[in-house]
Structures are given as structure tokens and as C-alpha cells.
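Peer 1: Residue numbers (the numbering used here), protein chains in the order written: chain D, 12 to 313; chain F, -7 to 307. Built from N, CA and C at the ideal position, the CB exists for glycine as well. The structure presented is a predicted model; accordingly, all values stated were derived computationally and were not measured.
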């Protein structure tokens, strides 16, 4: 802010009340306009999220009125009660939770071992492996789901937690290896060696010294894997075609499909969306920083 | 103990300066087994299956279990002589490029805005961006479907109240406005990532350099063009590349908008086209051929991204 001083002002003694006054008055009008633009942009961007929550609190009669109600006055949690009361929410929630947990556990385990290998050892094929991991990470599910569908069909794993989880783990493991590799490389191997000189075995040294230091990395990668599994739609759509094995995104899609017909209860649909979104938003705020830096770490030097 | 110490090179970044005779060590390979196994099972096998299947012919008989005959590249020839395929490819590429460009332009503008305003307003912008970014894609799609609802949607209401005739306007019927809606949604969801990444890049540009340029008489646009832009170019490149890759494979948004009741053949992009071929009409050979095409396209574009990441990793 102080960079806008003109030469005339710099002649005055800093801390002089006159300077302070001058500075305060010299808030540029352009800055005010930018501030206003910033607030307007924020409002536009947050509006869909707000509108979801707002509509979820209003009864359908109000939503079907000719003018929208911008604030949830007279709202209630009835829509939520009704959505949950339909009986399909909890099975879908259970399915999502189980798949996400299985994915996180195995993904972390596999990725961690691989990250250890590529950051602690030099071996033939290391470079090829890193390259392959990075390329695989870019493979789109949209280019593979037909084959994955046939694969799971022939393994009798369609509509099962195991079938979907296998694909999710494979989809998330590459980026998780890449993320964890950074964390493992950040812990000097000297620490372990020092512990080994002091008489710990290699395993003990690892468990007592390196592992605790890695905890933040594991948590961040775990949450990343969780979010991916929780939000995934394409593979779930193909592999989990039975209603009884729906995950939350598929369950929500059911509401959209219903909305193609006329009698949509938008209040309930928005309540359903809110139920799916809120835990994710909370989790997301938690790992956001790491995800950005992981993806562009090639470009931004910390 | 001793073997363990030999295998641990303290600084893996130093290229093998160790002249000691290299022994074959099993440990790193053992550590890679689980990850490699699952990747081979869930990605490797499907890729191979897809390549093979794309060279076979699937008809009605194959749906009843007959083995599919090999036809080599016939499917690809059929595919690339099919005008509809080119319509879908052209549509996908156009959608991807326009959406990625719009996303990056808006993202950079917002990053510059975040850099220019005071802290309180910056935090407001960041929070709203984070909320949009965190929305699960399917939840976001339900909200956007509601916003663009032709009967009671807020968008139609607002445009009508501004004096435009959007009463009961169905956005998803006309393919062009269908893709406009899809683009708005994709841009809304992807701008936060771009804005945050570019903003992170901008904070690396030191204020002193800008100040010096200002003293030398560089105007706002000149400062942007000759100082800020070159300094954030690496981030910009990567972000643009990622957007292109992500927007090329866009599936969920298109599929869920189609669900709302528009004609699929007029609004298909590559993802939904594969879905329609494979899951819809069980023509696995054609679906595989299109998938292989998508994979090759993605890998070709991704190559630059990966090379960039690796280069940075080596230094």
C-alpha cells in the first residue's frame, strides 16, 4: 500500500501526523472500484452454493412461486428430514463411506511404499517408474471405463465395493505417490541413520523417527484420496448400475433424472445436494493448499 | 546393517556419484510391487484389452458369447471415415479450447484482482472461490440444473426482470446454448484452481521490481505485459495445459445435463459418445477404438506437463 507514495510525500518525515492524514486521504479511487469489483465477483461465485442451501431450507410451494425468495425466511429443515426419511440416503452413504475408506487405506499403503522406494533408493528403472506414474496420472477414466467395466464383469465384481475400490485405488495411487514422494524426500535420511548408529534397527528407526514426521503428509494425501473416491462419478456410473449399490453421487443423479419430469421437488433435491456437499467442503478446506502446490509444483518454487 | 546402509543414498538428487560397484537390491522393487500390481490390474489390463478389442468386430452374435473376429484396423477406418465422429471430435476440441481459454483468462484476471485489493476483500474472494472449488461435481450439477431450470430457474427470472424475453426459456434444448451452459458450469468449477495457482505465482513477483518499473515510467499495461506476464509464464503454461487436458475429457457435466432431457446425439462430446457406444449399444469394439483415440490424444498433450514436472524434479 505504501508503494503509492509520490516523491512529494517522501520528503515528509515518516510518522508525522500530516503524513498519516495524507496517506489516509490518498486511498486511490481505482482501489475502491477494484474492491467493489472483488466483492461482486465473490458474490457471483458463491451464489450457486448459497442458492443450494437457501433452496434446501424452503418448502416446495415457495420455490414454485413466480418470484424467487432470496433469503430463507420461514425456512425449515423439513426437506432434509424428508430426503433422509426416504430410506435411500443411508444405504448410499454407507456405500460411499466404505468405498472411500477402503480406497484411502490401500491407496496410502501402496503409495507410501512406492514413495519410499523412489525417494530413498536408487535403482534401475526408477526414472521410468516416475515417468510412468506421472503419465498414468493423466489417463482419463473417460478413456478407460468401457474396458474397466468389462474387466469387472469378467471378475464378477460389478456392483461390488471391491470392484469400484480397485479402480479408485489405481486412479488415485499415482498422484498420491507423487505427493508423498515430496514428503519423504523432505525428511533427511541422516535422521534415520543417526538413530541406527544409536542402536535402533532399520525398521525401528523408520517407525520411530521417519513415520511421525510423515504424518502430515499421510493425512493430506489421505484426505485427497478420500475426496476423489467420495466425489467420483464416471466409474461409479458404469460399475455400480444396480440401485442397491449406489454411491452418493449416483443417488444424487437420481434426483436430477427425476427433475427431467415436471414434478420436481427442488427443495428436496437441494437438501440432498447439501447433504452430499457439506462434508466434502469441510474436508476440502483442509487440504486445498497441498493440492494446488502438488499440481503446479513444477512451476512455482516455494 | 551394512547392506542397508549401502542402499540408502542420503541424497537421491545427486546423480550416481558413487563409483562403488552396483549390487542388485531387491528392496526397492519389493516396495513397488503393490502399487505396480494394482496399476497393472486396473489400468494396464484394460488398456491392453481396449487395444485388442478395438481391432475386433462386435456384432449381435458377440453379445451372445461368440468370440469376436479380428478385423485389424477396420474399426479405425470406419471411425475416421464417419462424419459423425469428426463432428464429435471437432465439438470436443472446440469446447475444450474455448472453455480452457475462458477459464484461464478469468482465473488470471481474478488472481490479479486478488493481488490488487486489500486483505479483507482478498479473503472474501478466496473464501467464495474455495466454496465453489470444493463443491462435489454432482452436487454442483444439481444446483446449476436448478439455476437454469426453464420454469422456475433464477437465471430465467433475472434475465426476464432485466427486460429480456427468457420466460420459460429452455437452455438445454438448443445444442449451442446447451454447450454454453456446460461451459459456464465448467468455468465456474475450474476458475478457483487457476486463480489460486496464478495468485501463488504472482506473490513471487517482488514488489520492488514492479516499483522500479513504475519509476521508470512503465504504465499499467506495460508493467503487465513486460514484467508480470513473463514472471508468471511457467505457472500459466502448466495451468493452461491442465485445463486443456481436463476439459477434453469432460464427461460428468455433459452426461448430467443430457440426463435433464436434451438430445444426446446433438450434444455428445467424446466421453459421452464412448459411453453411448459401449454401455448404451454394447458396441465394445467401436467404443474401444474411440477410447484409444482419446487416450492417445491425452497422452500427447500430457507429455509436455509431465516433462515439465520431471525437469523441475531433477533440478
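Give the single residue among D/74, D/187, D/171 and D/172 whose Cα lies nearest to the Cα of residue 124 of chain D.
Peer 2: Locating residue 124 of chain D in the first chain gives position 113, where the first residue counts as 1. Among D/74, D/187, D/171 and D/172, the Cα nearest to that of residue 124 of chain D is on D/187.
Peer 1: Could you check which residue in F/249, F/218, F/33 and F/116 has the C-alpha nearest to that of residue 165 of chain F?
Peer 2: For this step, residue 165 of chain F is matched to residue 173 along the second chain. With distances taken between Cα atoms, residue 165 of chain F lies closest to F/249.
Peer 1: According to DSSP, simplified to helix, strand and coil, what is residue 252 of chain D?
Peer 2: Translated into the one-based positions of the first chain, residue 252 of chain D becomes position 241. Three-state result, residue 252 of chain D: coil.
Peer 1: Determine the chain D residues that contact residue 96 of chain F at a beta-carbon separation under 7 angstroms, and present them in chain order.
Peer 2: Walking along the second chain from the start, residue 96 of chain F turns up at place 104. Residues of chain D passing the Cβ test: none, with the nearest at roughly 13 angstroms.
Peer 1: Quick check on DSSP: helix, strand or coil for residue 159 of chain F?
Peer 2: The sequence position of residue 159 of chain F within the second chain is 167, counting from 1. DSSP places residue 159 of chain F in coil when its eight states are reduced to three.
Peer 1: Pick out whichever of F/238, F/196, F/239 and F/243 has its Cα sitting closest to the Cα of residue 220 of chain F.
Peer 2: On the second chain, position 228 is the one that residue 220 of chain F refers to. Answer by Cα proximity: F/196.
Peer 1: Please confirm whether residue 216 of chain D has its beta-carbon closer than 7 angstroms to some beta-carbon of chain F.
Peer 2: The residue given as residue 216 of chain D occupies position 205 in the first chain. By this cut-off, residue 216 of chain D is not an interface position.
Peer 1: Tell me whether residue 64 of chain D, by its Cβ, gets closer than 6 angstroms to a heavy atom of the ligand MN.
Peer 2: The ligand content of the structure shown is nil, which means the ligand MN is not present either.
Peer 1: With a threshold of 16 other CB atoms inside 10 Å of the CB of residue 131 of chain F, please say whether the residue is buried or exposed.
Peer 2: One-based indexing of the second chain puts residue 131 of chain F at position 139. When all chains shown are included, residue 131 of chain F counts as buried.
Peer 1: Quick one: grab the DSSP three-state call for residue 294 of chain D.
Peer 2: For the purposes of this step, residue 294 of chain D is taken as the residue at position 283 of the first chain. Here residue 294 of chain D sits in helix by DSSP.
Peer 1: Just grab the DSSP bridge partners of residue 48 of chain F for me.
Peer 2: As a first step, residue 48 of chain F must be located in the second chain, where it is residue number 56. F/62.
Peer 1: Leaving aside the five residues before and after residue 309 of chain D along the sequence, list all residues of the same chain whose C-beta is less than 6 angstroms from its C-beta, in chain order.
Peer 2: Counting from one through the first chain, the residue named residue 309 of chain D turns up at place 298. Caution is warranted here: a pLDDT of 40 is assigned to residue 309 of chain D, below 50, making its placement in the model unreliable, and no coordinate value can be reported.
Peer 1: Is residue 109 of chain F close to chain D, meaning its C-beta is less than 7 angstroms from at least one C-beta of that chain?
Peer 2: In the second chain, residue 109 of chain F corresponds to position 117, counting from 1. With 7 angstroms as the cut-off, residue 109 of chain F counts as an interface residue toward chain D.
Peer 1: Are any of the Cβ atoms in chain D nearer than 7 angstroms to that of residue 42 of chain F?
Peer 2: Position 50 of the second chain, counted from the first residue, corresponds to residue 42 of chain F. Chain D, which has a Cβ nearer than 7 angstroms to the Cβ of residue 42 of chain F, makes this yes.
Peer 1: Terminal residues of the continuous alpha helix (DSSP H) containing residue 159 of chain D?
Peer 2: Taking the first chain and counting its residues from 1, one reaches residue 159 of chain D at position 148. 156 to 165 is the span of the alpha helix (DSSP H), which, as asked, contains residue 159 of chain D.
Peer 1: Taking any Cβ of chain D, which residues in the segment 268 to 284 of chain F have a Cβ under 7 angstroms from it, in chain order?
Peer 2: Under the 7 angstroms Cβ criterion, the segment 268 to 284 of chain F contributes 270, 271, 276, 279, 280 and 283.
Peer 1: What do you reckon, are the CB atoms on residue 99 of chain F and residue 201 of chain F nearer than 7 angstroms?
Peer 2: Along the second chain, one-based indexing puts residue 99 of chain F at 107. Along the second chain, one-based indexing puts residue 201 of chain F at 209. Result no, Cβ atoms of residue 99 of chain F and residue 201 of chain F do not sit closer than 7 angstroms.
Peer 1: Could you run through the segment 61 to 86 of chain F and flag, in chain order, every residue whose CB is less than 8 angstroms away from some CB of chain D?
Peer 2: So nothing in the stretch comes that close.
Peer 1: Quick check: the Cα distance between residue 177 of chain D and residue 270 of chain F, rounded to an integer number of angstroms?
Peer 2: In the first chain, counting from the first residue as 1, residue 177 of chain D sits at position 166. In the second chain, counting from the first residue as 1, residue 270 of chain F sits at position 278. C-alpha separation (whole angstroms): 21 angstroms.
Peer 1: Going along chain D, which residues have a C-beta under 7 angstroms from residue 243 of chain F?
Peer 2: Locating residue 243 of chain F in the second chain gives position 251, where the first residue counts as 1. Those are 153 and 245, listed as they occur along chain D.
Peer 1: So, are the CB atoms of residue 261 of chain F and residue 84 of chain F less than 7 angstroms apart?
Peer 2: Taking the second chain and counting its residues from 1, one reaches residue 261 of chain F at position 269. Taking the second chain and counting its residues from 1, one reaches residue 84 of chain F at position 92. Result yes, Cβ atoms of residue 261 of chain F and residue 84 of chain F sit closer than 7 angstroms.
Peer 1: Just by C-beta distance, which residues in the segment 142 to 162 of chain F are closer than 7 angstroms to chain D?
Peer 2: Those residues of the segment 142 to 162 of chain F that come within reach of chain D (Cβ to Cβ, closer than 7 angstroms) are 144, 146 and 149.
Peer 1: For residue 263 of chain D and residue 282 of chain D, what's the separation of their Cα atoms in angstroms?
Peer 2: As a working note, residue 263 of chain D is residue 252 in the first chain. As a working note, residue 282 of chain D is residue 271 in the first chain. If I take the Cα positions, the gap works out to 10 angstroms.
Peer 1: Thinking C-beta only, is residue 175 of chain F closer than 7 angstroms to residue 264 of chain F?
Peer 2: In the second chain, counting from the first residue as 1, residue 264 of chain F sits at position 272. In the second chain, counting from the first residue as 1, residue 175 of chain F sits at position 183. Taking 7 angstroms as the Cβ cut-off, residue 264 of chain F and residue 175 of chain F do not qualify as a contacting pair.
Peer 1: Using a cut-off of 7 angstroms between C-beta atoms, extract the partners of residue 129 of chain F located in chain D.
Peer 2: Within the second chain, residue 129 of chain F is the residue found at index 137, counting from 1. What residue 129 of chain F touches in chain D: 242 and 244.
Peer 1: The alpha helix (DSSP H) that contains residue 207 of chain F, what's its start and end?
Peer 2: As a position in the second chain, residue 207 of chain F is number 215, starting the count at 1. Where residue 207 of chain F is concerned, the enclosing alpha helix (DSSP H) stretches over 199 to 207.
Peer 1: Taking all protein chains shown into account, decide if residue 62 of chain F is buried (16 or more other Cβ within 10 angstroms of its Cβ) or exposed.
Peer 2: Position 70 of the second chain, counting from 1, holds the residue named residue 62 of chain F. It counts as exposed.
Peer 1: Is the shortest distance between the beta-carbon of residue 173 of chain F and the beta-carbons of chain D less than 7 angstroms?
Peer 2: Here residue 173 of chain F refers to the residue found at position 181 when the second chain is read from its first residue. Taking Cβ atoms only, chain D never reaches closer than 7 angstroms to residue 173 of chain F, which makes this a no.
Peer 1: Helix, strand or coil for residue 42 of chain D per DSSP?
Peer 2: Mapped onto the first chain, residue 42 of chain D falls at position 31. Looking at residue 42 of chain D - three-state DSSP - the assignment turns out to be helix.
Peer 1: So, residue 128 of chain D versus residue 33 of chain F, is the Cβ gap smaller than 7 angstroms?
Peer 2: The residue given as residue 128 of chain D occupies position 117 in the first chain. The residue given as residue 33 of chain F occupies position 41 in the second chain. Not in contact: residue 128 of chain D and residue 33 of chain F (Cβ atoms no closer than 7 angstroms).
Peer 1: Can you confirm whether residue 83 of chain D, when its beta carbon is compared against all beta carbons of chain F, has any partner nearer than 7 angstroms?
Peer 2: Residue numbering aside, residue 83 of chain D sits at position 72 when the first chain is read from its first letter. No, residue 83 of chain D lies away from the interface with chain F (no Cβ there is under 7 angstroms from its Cβ).
Peer 1: Measuring straight from C-alpha to C-alpha, what distance separates residue 62 of chain D and residue 135 of chain F?
Peer 2: Stepping through the first chain from its first residue, residue 62 of chain D is reached at position 51. Stepping through the second chain from its first residue, residue 135 of chain F is reached at position 143. Distance between the alpha carbons of residue 62 of chain D and residue 135 of chain F: 8 angstroms.
Peer 1: State buried or exposed for residue 145 of chain F, treating a residue as buried only when at least 16 other CB atoms are found within 10 Å of its CB.
Peer 2: Your numbering for residue 145 of chain F matches position 153 in the second chain. Buried: at least 16 other Cβ atoms inside 10 Å.
Peer 1: Spatial neighbours of residue 153 of chain D within its chain, please: C-beta separation below 7 angstroms, excluding the five flanking residues on both sides.
Peer 2: For the purposes of this step, residue 153 of chain D is identified with residue 142 of the first chain, where counting begins at 1. 245, listed in sequence order.
Peer 1: Who are the Cβ neighbours of residue 110 of chain D in its own chain at under 8 angstroms, not counting the five residues just before and after it?
Peer 2: The residue given as residue 110 of chain D occupies position 99 in the first chain. Once the five neighbours on either side are set aside, the close Cβ partners of residue 110 of chain D are 172, 175, 176, 179, 240 and 258.
Peer 1: Just to confirm my understanding: we take residue 172 of chain F, look at its own chain, exclude 5 residues before and 5 after, and list those with CB closer than 8 angstroms. What are they?
Peer 2: Position 180 of the second chain, counting from 1, holds the residue named residue 172 of chain F. Cβ neighbours of residue 172 of chain F beyond the five flanking positions: 163.
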